[in-house]
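Count along the sequence shown from 1, then add 21; that gives the number in our numbering.
Ideal placement from N, C-alpha and C gives every residue a C-beta, glycine not left out.
Shown next, in structure tokens, is the structure this report addresses.
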Amino acid sequence: MTYADILYEVKNQIAWLTINRPDKGNTFRRQTVLELIQALNEARNDPDVRVVVLTGAGDRFFCIGGEKEPTDGMLHYHNVPPVVDLYTLIDLMPVPVVAMVNGFAVGGGNVLANMCDLTVASEQAAFRQVGPSMGSYDAGFGTWYLEDAVGRKRAREIWYLNRKYSAREAEAMGLVNEVAPAAELRARTEALCEELKARGPQALAALKAAFHARHNGATGLSRVTIDHLVANYYHTEESKELGRAFNAKEKPNPERFQR
22 MTYADILYEV
32 KNQIAWLTIN
42 RPDKGNTFRR
52 QTVLELIQAL
62 NEARNDPDVR
72 VVVLTGAGDR
82 FFCIGGEKEP
92 TDGMLHYHNV
102 PPVVDLYTLI
112 DLMPVPVVAM
122 VNGFAVGGGN
132 VLANMCDLTV
142 ASEQAAFRQV
152 GPSMGSYDAG
162 FGTWYLEDAV
172 GRKRAREIWY
182 LNRKYSAREA
192 EAMGLVNEVA
202 PAAELRARTE
212 ALCEELKARG
222 PQALAALKAA
232 FHARHNGATG
242 LSRVTIDHLV
252 ANYYHTEESK
262 ELGRAFNAKE
272 KPNPERFQR
């Protein structure tokens with residue numbers, strides 16, 4: 022299959038999925054997510070694939086989240102990408118999915134990296150959640166899995182305060198498994214994949230299923246929050262104003278909005 026927004030290649034039993042929109046920060050739009058889903062299903066149905074690697078094109082951005090519409094800086098209901106389907110599929114994949122974070126992992130890109138089984142990050146990578154700063158949030162997978170990875174207090178810090186963390190800081194808090202120099206990122210990721218390929222594939226598939234079973238409720242909750250509540254939130258004055266100010270690099274005034 023030919024893809025417009027991503028690159029897909031299988032080499033040495035490793036499926037490489039690359040978000041190929043470097044001029045747009047490797048943001049994802051609806052088409053991007055649909056293509057990622059298609060490629061993951063292709064890898065899922067390929068008996069030769071033992072590991073999947075997800076990354077971004079170039080050396081600046083892994084993924085900085087969903088593409089914003091130029092008119093008002095927000096995602097509209099009819100354009101909301103089916104990210105719940107994507108996150109669920111990552112969980113349901115019978116093989117490990119590794120995030121190779123080559124640059125900024127922000128917003129939805131930060132969630133995407135955290136959804137993967139393992140993460141290898143470049144020393145120049147950075148991690149940040151920006152939701153409440155720009156009139157958005159993820160009250161499903163993006164919060165549940167983050168709390169599991171870093172703990173209750175740190176997860177709230179990340180979501181509430183929207184600070185930026187270096188790759189080393191992310192590693193220390195449990196968001197990243199390994200940090201590598203930028204020039205060695207691909208080689209270190211391939212080495213990790215070789216380790217995974219040396220493990221029993223049926224055992225890994227069973228372990229993934231067990232990990233997913235614990236969070237099975239997250240799928241249903243995410244469909245409610247992301248597909249409906251979050252999509253509707255984008256139409257509020259709060260979301261519109263915060264999104265506009267964020268894109269204009271202006272200081273927002275959230276005090277004028279009621280709770």
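(message) Mapping the DSSP letters down to three states, classify MET121 as helix, strand or coil.
(response) Here MET121 sits in strand by DSSP.
(message) If I follow the unbroken beta strand (DSSP E) through SER187, where does it start and stop?
(response) Counting along the chain, the beta strand (DSSP E) containing SER187 begins and ends at 185-187.
(message) What does the alpha-carbon distance come out to for the pair TYR98 and HIS256?
(response) For TYR98, the predicted structure reports a pLDDT of 45, less than 50, and the residue's modelled location is therefore unreliable. A value from the coordinates is still provided. Rounded to the nearest angstrom, the gap between the Cα atoms of TYR98 and HIS256 is 8 Å.
(request) Tell me the start and end of each unbroken beta strand (DSSP E) in the region 24-57 that is at least 3 residues and wholly inside, in chain order. (result) Counting only runs of 3 or more, we get 27-32, 35-40.
(message) Using only the alpha-carbon positions, how far apart do LYS89 and GLY221 sit?
(response) So the two alpha carbons sit approximately 42 Å from each other.
(request) Go through its chain and collect everything with a Cβ distance to LEU57's Cβ below 7 Å, but skip five positions before and after it. (result) Hits under 7 Å: ILE27, LEU38, LEU107.
(request) Return the CA-CA distance between ALA224 and ASN131, expressed in angstroms with no decimal places. (result) Those two C-alpha atoms are separated by around 28 Å.
(request) Give, in chain order, every unbroken run of the alpha helix (DSSP H) that is at least 4 residues long and sits entirely within the region 156-205. (result) DSSP assignment within the region 156-205 yields the following whole alpha helix (DSSP H) runs of 4 residues or more, N-terminal first: 162-171, 173-182, 188-194.
(request) Please name the residue, chosen from VAL70, THR48, PHE267, that lies closest to ASN33 on a Cα-to-Cα basis. (result) The candidate whose alpha carbon is nearest that of ASN33 is VAL70.
(request) Grab me the residues of PRO115's own chain with a C-beta within less than 6 Å of its C-beta, minus the 5 sequence neighbours each way, in chain order. (result) So the list reads ALA226, once near-sequence residues are dropped.
(request) Please work out which residues of its chain come closer than 7 Å, Cβ to Cβ, to VAL127, disregarding the five sequence neighbours upstream and downstream, and give them in chain order. (result) Excluding residues within five positions, the ones whose Cβ falls inside 7 Å are ILE85, GLY86, ARG149, VAL151.
(request) Assign THR164 to one of two classes, buried (16 or more other C-beta atoms within 10 Å of its C-beta) or exposed (fewer than that). (result) Buried, since its Cβ has 16 or more Cβ neighbours within 10 Å.
(request) Would you kindly report the start and end of the unbroken beta strand (DSSP E) that includes ARG149? (result) Segment 147-149, the beta strand (DSSP E) holding ARG149.
(message) For LYS270 and GLU262, I'd like the C-alpha separation in whole angstroms.
(response) So the alpha carbons of these two residues sit roughly 12 Å apart.
(request) Answer with buried or exposed for TYR181, where buried requires no fewer than 16 other C-beta atoms within 10 angstroms of its C-beta. (result) Here TYR181 is exposed: its Cβ has fewer than 16 other Cβ atoms, across all protein chains shown, within 10 Å.
(message) DSSP has LEU75 in a bridge; who is on the other side?
(response) For LEU75, which the question treats as bridged, DSSP gives the partners LEU38, ALA120.
(request) With distances taken Cα to Cα, identify the nearest neighbour of SER260 among PHE82, SER154, ASN62, ASP112. (result) By alpha-carbon distance to SER260, the top candidate from PHE82, SER154, ASN62, ASP112 is SER154.
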